[in-house]
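A.B. asks: Just passing along the structure, written as structure tokens.
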Amino acid sequence: MNFEAGSLFPRLHSLEKDFTRSEKKVVEAVLDNPEEVLYSSITDLAEKAGVGDTTVVRFCRKVGFKGYQDFKMFLAGELSAGNGDDLNILSTKLEKDDDIDTIIQKIINTNMKALKDTAALLNTKDIEAAVSLIEQSRSIYFYGSGISGHTAADARNTFLRVGLSVNALNDPHMQAMSAALLTPEDLAIAISHSGSSKDTIETLRIAKESGAKTICITHYSKSPITKYADIILLSGHKEGPLQGGALTTKIAQMFVIDILYTEYCRRNPEKAALSREKAARAVSEKLY
-8 MNFEAGSLFP
2 RLHSLEKDFT
12 RSEKKVVEAV
22 LDNPEEVLYS
32 SITDLAEKAG
42 VGDTTVVRFC
52 RKVGFKGYQD
62 FKMFLAGELS
72 AGNGDDLNIL
82 STKLEKDDDI
92 DTIIQKIINT
102 NMKALKDTAA
112 LLNTKDIEAA
122 VSLIEQSRSI
132 YFYGSGISGH
142 TAADARNTFL
152 RVGLSVNALN
162 DPHMQAMSAA
172 LLTPEDLAIA
182 ISHSGSSKDT
192 IETLRIAKES
202 GAKTICITHY
212 SKSPITKYAD
222 IILLSGHKEG
232 PLQGGALTTK
242 IAQMFVIDIL
252 YTEYCRRNPE
262 KAALSREKAA
272 RAVSEKLY
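Using our numbering, you'd call the opening residue of the sequence shown number -8 and step up by one each time.
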């Protein structure tokens, strides 16, 4: 597997639900002191994690490396480039004695990390393919629930401005009905941070069975929703106690949407500009 610089630690988080209990112990040992891993044999790391050597090998291969040495070489490059500097950043832990200035900085750090992690996880070819589907589709439906439902609505509003036929539904019954009526000319984009939301998964399954093209935006690359997606776009952010998933998760998801939107506008500058102008004129009289 070819890895982008800065993608290792976000990838470990995105595969979290796919690791076995023993493999998670290896992840914890690596994240606890990645520098020490560079000078550790496979047996050293196994002993620190409390697992066998074979578990370390399985972990390395599941992440995408040939073996432990291959993993260590890439880890060394990540650390030398400073990509592990934020592993223990305060942004993921709220302390009782934190003052307002500290809280503000932690939130900034958390949101910046979400953007950086998303950039590291996204694949250029997947983005290009996703935008091509957006261009080719008769209509586009965004699906999501909870916070992801709000992201779906914002995505609809974003693409509506450039003249596309878009909709966003967050009621489970309406989602299912609309998905059943999609055709091969339509596109369904499902948004779920966990990739495990039953209603959203079911909606994407129905859309795929109806013949529609399908895209999912999720944090976990092996989550259930990916089974029904033609294209998987990963948004980076491991939910922590400070944010509760609300703001930072949505920022990461909207970052993906904004990339798709910007690339669409780059490919279709005249149509996008004309549509934005018409949309702006339509609401101009509603402003003081």
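Note that beta-carbon positions come from the ideal geometry of N, C-alpha and C, so glycine has one too.
Would you mind giving the Cβ-Cβ distance between E14 and R52, rounded to the nearest angstrom? I have them listed as a contact below 8 Å.
C.D. replies: Actually they do not touch by this definition, with Cβ atoms about 10 Å apart.
A.B. asks: Under a three-way DSSP split, which group does A203 fall into?
C.D. replies: Correct three-state label for A203: coil.
A.B. asks: Relative to the C-alpha of L313, which residue among D249, K16, I131 is closest?
C.D. replies: Residue 313 is absent from the model: the chain starts at -8 and stops at 279.
A.B. asks: Could you tell me if K277 is buried or exposed, where buried requires 16 or more neighbouring beta carbons within 10 angstroms of its beta carbon?
C.D. replies: Result: exposed.
A.B. asks: Measuring only the C-alpha atoms, how far is S128 from R267?
C.D. replies: The straight-line gap from Cα to Cα measures roughly 19 Å.
A.B. asks: For L22, does the three-state DSSP call read helix, strand or coil?
C.D. replies: Of the three classes helix, strand and coil, the one that applies to L22 here is helix, per DSSP.
A.B. asks: Under a three-way DSSP split, which group does A121 fall into?
C.D. replies: Three-state result, A121: helix.
A.B. asks: DSSP state of N259, grouped into three classes?
C.D. replies: DSSP places N259 in coil when its eight states are reduced to three.
A.B. asks: Restricting to Cα atoms, I'd like to know which of G55, G41, L66 is closest to E27.
C.D. replies: Measuring from the Cα of E27, the nearest candidate turns out to be L66.
A.B. asks: With H, G and I counted as helix, E and B as strand and the rest as coil, what does DSSP make of V157?
C.D. replies: In this structure, V157 counts as strand in the three-state DSSP scheme.
A.B. asks: Taking the DSSP output, what are the residues bridged to D162?
C.D. replies: Beta-bridge pairing links D162 to no other residue.
A.B. asks: At a cut of 8 Å, does the region 199 to 214 reach the region 175 to 184 through at least three beta carbon pairs?
C.D. replies: Yes, the region 199 to 214 touches the region 175 to 184.
A.B. asks: For T209, name the three-state secondary structure that DSSP assigns.
C.D. replies: T209: strand per DSSP, three-state reduction.
A.B. asks: Expressed to the nearest angstrom, what Euclidean distance is found between the alpha-carbon atoms of S214 and T93?
C.D. replies: Each residue's alpha carbon lies about 34 Å from the other.
A.B. asks: According to the Cβ coordinates, are V47 and V17 closer than 7 Å?
C.D. replies: Yes.
A.B. asks: Rounded to whole angstroms, what's the CA-CA distance from S226 to T101? Just pull it up for me.
C.D. replies: Distance between the alpha carbons of S226 and T101: 14 Å.
A.B. asks: In chain order, what residues of the same chain lie with their CB nearer than 8 Å to the CB of A121, ignoring the 5 residues before and after it?
C.D. replies: Within the same chain, A121 has close Cβ partners I206, I222, L224, L251.
A.B. asks: What residues in its chain sit with their C-beta under 7 Å from that of A220, if we drop five residues either side in the sequence?
C.D. replies: L195, T205, I206, C207, listed in sequence order.
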